[in-house]
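Peer 1: The structure's right below; bear with me while I get my questions together.
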Amino acid sequence: MTEKPPPARPAAIRTFVGVALLALIAFVIVLVATRSESEPGAGEISADSYAVEVAAALANADSEIGGDLVYELECNLCHLRGDGSQSPLFYGLADIAAERRPPLSAEQYLYEATLYPGLHLVEGYSNSMPNNYQDRLSQQDVGHIIAYLLGFTAGVTDP
Numbered sequence: 000m001t002e003k004p005p006p007a008r009p010a011a012i013r014t015f016v017g018v019a020l021l022a023l024i025a026f027v028i029v030l031v032a033t034r035s036e037s038e039p040g041a042g043e044i045s046a047d048s049y050a051v052e053v054a055a056a057l058a059n060a061d062s063e064i065g066g067d068l069v070y071e072l073e074c075n076l077c078h079l080r081g082d083g084s085q086s087p088l089f090y091g092l093a094d095i096a097a098e099r100r101p102p103l104s105a106e107q108y109l110y111e112a113t114l115y116p117g118l119h120l121v122e123g124y125s126n127s128m129p130n131n132y133q134d135r136l137s138q139q140d141v142g143h144i145i146a147y148l149l150g151f152t153a154g155v156t157d158p
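Residue numbers (numbering that gives the first Met the number 0): 0 to 158.
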């Protein structure tokens, strides 16, 4: 009498790999869904959006340091020079920012626009700003920049 050979292992391995692959895909889908819900600016904005972060950033903010940072980061190349066709200019920004994304205040809008520029694009412009300032700048640096930008009211070309 001859014994049956044991079942082939490749089928078991293929089944295991298939199940593992499906589990990995499900994990990635859950991870992406969870991340998009927790990103700043996702969903509804309110008057409290960024309030704590902005208050902390603006504590002891210095517009002169902010101006130095704007030039160091070369923001001036797109936002102060040229005709505004590549990016919105800073001129009058403090007035515009207060109305750009209700119910956000000017300070909250500038915070969001600096750290998360792709969340709300100004009509007619692409997302050409660096998207890594949340990693590169401290909260205090952001506060300095906001303080500087708030100096650009109507008619002011260099606060």
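Cβ atoms here follow ideal geometry from the backbone N, Cα and C, with glycine treated the same way.
(1) Run the CB neighbour count on THR14, radius 10 Å, all protein chains shown included, and call it buried at 16 or more, exposed below.
(2) Could you pull the start and end residues of the alpha helix (DSSP H) that TYR110 belongs to?
(3) Suppose the cutoff is 6 Å on Cβ atoms and the five residues either side in sequence are ignored; what does the same chain contact list for ILE64 look like?
(4) Less than 8 Å between C-beta atoms, sequence neighbours within five positions excluded: which residues of the same chain meet that for TYR49?
(5) Expressed to the nearest angstrom, what Euclidean distance is found between the alpha-carbon atoms of ASP157 and LEU72?
(6) Out of curiosity, what's the CA-to-CA distance linking LEU88 and ASN131?
(7) If you follow the alpha helix (DSSP H) that GLN133 is in, where does it begin and where does it stop?
(8) Give me the residue from SER137, ASP134, LEU114 with the minimum Cα distance to ASN126.
(9) Return the first residue and the last residue of the alpha helix (DSSP H) that ILE144 is part of.
(10) Should ALA172 be labelled buried (16 or more other beta-carbon atoms within 10 Å of its own) or exposed?
(11) Could you tell me the boundaries of the alpha helix (DSSP H) in which ILE95 lies?
Peer 2: Taking the coordinates as given:
(1) exposed
(2) 105 to 114
(3) HIS143
(4) PRO39, LEU103, GLN107, TYR110, GLU111
(5) 17 Å
(6) Spanning the two alpha carbons is a distance of roughly 21 Å.
(7) 132 to 135
(8) LEU114
(9) 138 to 148
(10) Because the chain here runs from 0 to 158, residue 172 falls outside it and cannot be looked at.
(11) Taken as a continuous stretch (DSSP letters only), the alpha helix (DSSP H) holding ILE95 covers 92 to 99.
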